[in-house]
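Protein chains in written order, with the numbering used here: chain P, 694 to 904; chain D, 255 to 357.
Heads up, the thing below is written out as structure tokens.
Following this line, the structure appears as structure tokens:
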């Protein structure tokens, strides 16, 4: 393994395959130019190799900076999975109708229960229908600009908080341990998606990143 | 010399004269500062990628001596940011010079 290979291995550690490929191509081209310049200055081939790698600096420091601006393995995997899921749902009309029918049914049943005076169950069902419906209906709205997407996410979080308050009522605080243990994954996914949004230029955002 | 935080502005300035690739940008910054602003070249690319995701530069594939290279060019937003950064730098530089008593 050459000194450049070792540098690249350390600098691309934990980066998604596409990100790592881009780093390798760019650094290889940079290294070739630096090496040619060094040889042009009268250095031997070995000295030129050493000088070109030395000028690149600490690969661990470069890796820390690359991780801040390029997709990591976990982010690349998440993006790939959500792309596959979105394609699977959107390619199947039956699945799309079913997903829209679930929150609609929940809201209808909650209205019926409300009329019969079963307020607690009706409230929980209404909250669930609202939260699920928000997730499923949002893609049908024209939200595909960064500003509208930001607005949609704020509404989504506000609705989710409202739905939880409605479902648990005054006991929301008492049940907070259950909510946190069930919902931390939602927060983690949203945090990862925010990181992906920061790293990808808007022109390369897939549709589900706007939601 | 440590010039942390100013690298993005220096990159924008280097690109304001025309599209270029990473190696040429690094050389331009070093040559124009007469070697005072020396930096590790591995840190240039993360800064370029950040500028790209912020929409201040855009990149495209090109060829140099038959080898594929990624070229970067400044965008209209990048030019506005560079103009703003230049003004801010002049202000800071003037203030520091006054404080150090070299005006």
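Idealized CB from N, CA, C, for every residue including glycine.
For residue 326 of chain D, the nearest beta carbon of chain P is not closer than 8 Å to its own beta carbon.
Under the Cβ criterion of 8 Å, residue 347 of chain D is not counted among the residues facing chain P. In the same chain as residue 317 of chain D, and ignoring 5 residues on each side of it, the C-beta atoms closer than 8 Å to its own belong to 323, in chain order. Going by DSSP, residue 873 of chain P is part of no beta strand (DSSP E) but of the alpha helix (DSSP H) stretching over 869 to 892.
The three-state secondary structure of residue 262 of chain D, taken from DSSP, is helix. Taking a C-beta cut-off of 8 Å against chain D, the contacting residues of the region 713 to 727 of chain P are 715, 716, 718, 719, 720, 722, 723, 725, 726 and 727, listed in chain order. Residue 314 of chain D has a beta carbon lying at 8 Å or more from every beta carbon in chain P. With respect to residue 826 of chain P, residue 796 of chain P sits close: the two C-beta atoms are nearer than 8 Å. Selection P:876, P:802, P:725 and P:700 evaluated against residue 754 of chain P yields P:700 as nearest (Cα-Cα).
Under DSSP, residue 765 of chain P shares a beta bridge with P:708.
Residues are counted here when their Cβ sits less than 9 Å from a Cβ of chain P; for the region 268 to 296 of chain D these are 275, 276, 277, 278, 280, 281, 293, 294, 295 and 296, given in chain order. For the region 745 to 760 of chain P, the residues whose beta carbon sits under 8 Å from a beta carbon of chain D are, in order, 748, 749, 750, 751, 752, 754, 755, 758 and 759.
In this chain, residue 810 of chain P is not harboured by any beta strand (DSSP E), its DSSP state being neither H nor E. When C-beta atoms of the region 289 to 306 of chain D are compared with those of the region 706 to 725 of chain P, three or more pairs fall below 8 Å, so the two segments count as touching. Taking residue 792 of chain P as the centre and dropping the five residues before and after it, the same chain places the C-beta of 829 closer than 6 Å to its C-beta, in chain order.
Residue nearest to residue 314 of chain D within the set D:348, D:273 and D:347 is D:273 (criterion: CA-CA distance). A direct Cα-to-Cα measurement between residue 733 of chain P and residue 266 of chain D gives close to 28 Å.
Contact between residue 742 of chain P and residue 728 of chain P holds: CB atoms are separated by about 6 Å, below the 8 Å threshold. Taking 8 Å as the cut-off, the beta carbon of residue 894 of chain P is found closer than this to the beta carbon of residue 307 of chain D.
The C-beta of residue 332 of chain D comes no closer than 8 Å to any C-beta of chain P. For residue 312 of chain D, the enclosing beta strand (DSSP E) stretches over residues 311 to 318.
For residue 299 of chain D, the enclosing alpha helix (DSSP H) begins and ends at 298 to 307. Counting only the Cα atoms, residue 794 of chain P lies some 46 Å from residue 758 of chain P. For residue 277 of chain D, the uninterrupted alpha helix (DSSP H) run begins and ends at 276 to 286, by DSSP. Residue-level contact check: residue 892 of chain P touches chain D, since one or more beta carbons of chain D fall below 8 Å from its beta carbon. The C-beta of residue 275 of chain D has 16 or more other C-beta atoms within 10 Å across all chains shown, which makes the residue buried. Interface residue (Cβ-Cβ distance to chain P less than 8 Å): residue 338 of chain D is not classified as such. With a beta-carbon spacing of about 18 Å, residue 844 of chain P and residue 824 of chain P fall beyond the 8 Å limit used to define contacts.
For residue 888 of chain P, the CB contacts under 7 Å within the same chain, skipping 5 residues up- and downstream, are 768 in chain order. Counting other Cβ atoms within 10 Å of its Cβ, residue 819 of chain P reaches 16 or more and is therefore classed as buried. Burial state of residue 344 of chain D is exposed, judged by a 10 Å Cβ sphere holding fewer than 16 other Cβ atoms. In the DSSP assignment, residue 321 of chain D falls within the unbroken beta strand (DSSP E) covering 321 to 328. When the five nearest sequence neighbours on each side are left out, the beta carbons in the same chain lying within less than 8 Å of the beta carbon of residue 746 of chain P are those of 696, 697, 700 and 724, in order along the chain.
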